[in-house]
Amino acid sequence: MVKTIKIIDAKKHIDEEVKIGVWLTDKRSSGKISFLQLRDGTAFFQGVVVKNNVSEEIFELSKSLRQETSFWVTGVIHEDSRSHFGYEIEVSGIEVIGESEDFPITPKEHGVDFLLDHRHLWLRSKRPYAIMRIRNQMINATYEFFNKEGFIKMDPPILTGSAPEGTTELFHIEYFDHDAYLSQSGQLYAEAGAMAFGKVFTFGPVFRAEKSKTRRHLTEFWMIEPEMAFMEQDESLEVQERYIAYLVQSVIDNCEYELKILDRDIEQLKKYTKLPFPRISYDEAIEMLQKNGADVKWGDDFGAPDEQYISEQFEQPVFIMNYPKEIKSFYMKPHPDRDDVYLCADLLAPEGYGEIIGGSERETDFDALEKMIDEKGLNKEEYQWYLDLRKYGSVPHSGFGLGFERAVTWICKLDHLREAIPFPRMINRLKP
Ligand code: 4AD
Ligand code: MG
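Rendered as structure tokens:
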């Protein structure tokens, strides 16, 4: 009996005859030999069919196979030092499973819109393969990290009445005879969780009706929101940098093949595992920008080019601390020595990637929080339960949110968030 294996396990079967279920991604043949490019979801490698070693029928079949035809391939595994992958199969048998005709994504170059229209098929290509496996590694590393640090995962609702990050970017839905929104952040619920369980994290989809078409914005993205009771902002920054370093290290340790496919420099990534990350104040960031001739003044929010410039000045991710109150959310705790800024920070990823984390210490005082809810014009009814958290044993607490696709985009060194998620949702894209 020939053993059925996966391509990824080829190295354990050198010189053995094996059987693998595969799809054809490309082929090339001469009179005497055909080279079949194969994939099975776990990896990509080459099958070699030598005319003199197989029946006439198998050789002819190998030449007639079309892109994305699925088949069982049988043969012996050999080392192949010329490929990234390192192994190939010398084919002895081919049994077609599913025919394929005119697969739309051919080995030639395609425009991005065409590829996105065919995302359901584009996912089969090498680049999405590498990105999605790195994404998967980062998902696993996230659970590992927070479990090790004593957090429990808590799932917040997606149908909600609150708007923690402001009312301009909400997806409105009809909820029977009420108004409701798709959640833009699980934070407020995570705070309730922190008061119940000490340290929690959320990891789920959030929604923002972003009208802007930028490379950094999706309308549906995944966010990780840890929230910690009895923790001040300084200690939260330490959790954040440990988490980011853990994510990067885990990708370095487990995704060498994928990083190679993406041509991502591992030496560069290693710099991001050294702690601590630099910290500067918002005031210093404004000064840096002004010295560079940017047209910004104290109180302005940073645009993408500003964040890019700042992040390019550092070799590592950098925390920008203590932003002005006007440009941040109602739930943040004011700085104890200054009444114009909050105890908050954004983490900007290096290489020009900009904000990947937003976080802060939270306001613990009932009256101050109620006042802010009024001032920001929020519907107080909706926040009664959130105010309750300040009524019964309020404690210092802090938290943050990592935009997961932003982190994947940076670690994989992509140009645009749309490649960091299997089926991107943007202002003009709801299909496939
Ligand atoms: O800075 P934001 O809006 O912060 C919050 O939502 C807080 N409630 C987090 C917290 O303290 N628990 O969003 C957090 C992160 C950003 O730093 C960014 O990485 C990402 O979410 N993000 C987006 N990612 C993709 N598309 C968008 N439209 C995004 N908006 C924010
Ligand atoms: Mg933010």
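When we follow this note's numbering, the leftmost residue of the sequence shown carries the number 734, and every step to the right adds one. Backbone N, C-alpha and C define an ideal beta-carbon position, used for all residues, glycine too. Computed from a predicted model, the values in this text were never measured in an experiment.
The C-alpha of V751 is placed about 53 Å away from the C-alpha of E924. A Cβ-Cβ separation of about 10 Å leaves H746 out of contact with I740 under the 8 Å criterion. In the three-state reduction of the DSSP assignment, Q917 falls in the coil class, being assigned neither a helical nor a strand state. The alpha-carbon of W955 is positioned some 35 Å away from that of I753. Uninterrupted alpha helix (DSSP H) stretches at least 4 residues long and entirely within the stretch 984-1050 occur at 989-994, 999-1003, 1015-1024 and 1037-1045, given in chain order. Under DSSP, V829 shares a beta bridge with F804. By the neighbour-count criterion, in which a residue is buried when 16 or more other Cβ atoms sit within 10 angstroms of its Cβ, G1087 is buried. Assignment of T947 by DSSP, reduced to helix, strand and coil, places it in the coil class. Inter-residue distance for F909 and D1121 is about 26 Å (C-alpha atoms, whole angstroms).
A residue is called buried when at least 16 other Cβ atoms come within 10 angstroms of its Cβ; D1079 meets this threshold and is buried. Remark: the C-beta of I864 is outside contact range of the ligand 4AD, defined as less than 6 Å to any heavy atom. Listed as beta-bridge partners of K886 by DSSP are F934. In this chain, the alpha helix (DSSP H) harbouring D1107 covers F1099 to E1108. For K1124, no alpha helix (DSSP H) segment is defined, and its DSSP state is neither H nor E.
Secondary structure at M961: strand, using DSSP grouped into helix, strand and coil. Of the other Cβ atoms in all chains shown, fewer than 16 fall within 10 Å of the Cβ of L892; this residue is therefore exposed. Taken from the Cβ of G899, every heavy atom of the ligand MG lies 6 Å or farther away. Spatial neighbours of F904 in its own chain (CB-CB distance under 7 Å, excluding positions within 5 residues in sequence) are listed in chain order as Y914, L915, F940 and A942.
For G899, the closest of D912, F1133 and E1108 by C-alpha to C-alpha distance is E1108. Following the DSSP letters along the chain, one finds A863 inside the alpha helix (DSSP H) bounded by residues K859 to K881. A straight-line Cα-Cα distance of about 11 Å links A978 and T875. Within the same chain, Cβ atoms closer than 6 Å to the Cβ of I906 are found at A913, the five residues on either side in sequence being excluded. Secondary structure at G926: helix, using DSSP grouped into helix, strand and coil. The closest heavy atom of the ligand 4AD lies 6 Å or more from the beta carbon of Q770.
For the pair of segments examined, the stretch 1097-1111 was found not to touch the stretch 960-967: the number of CB pairs separated by less than 8 Å stays below three.
Of the residues G1134, L1135, G1136 and R1095, the one whose Cα lies closest to the Cα of M928 is R1095.
Annotated three-state conformation of Y976 is helix, per DSSP.
Remark: the C-beta of G1091 is in contact range of the ligand MG, defined as less than 6 Å to any heavy atom. When the beta-carbon positions are compared, M1054 and S1014 come within less than 7 Å of each other. Relative to E953, the option among F1137, Q1049, F1063 and E1048 whose CA is nearest is F1137. In this structure, E991 lies near A863, with their beta-carbon atoms less than 7 Å apart. Distances taken from the Cβ of L1081 to the heavy atoms of the ligand 4AD include none shorter than 6 Å. DSSP, read as helix, strand or coil, puts V824 in strand. For M734, the number of other beta carbons within 10 angstroms of its own is below 16, and it is reported as exposed. Scanning V1141, I830, I985 and S767 for the CA closest to the CA of V787 turns up S767. According to DSSP, D1079 shares a beta bridge with I1053 and G1091.
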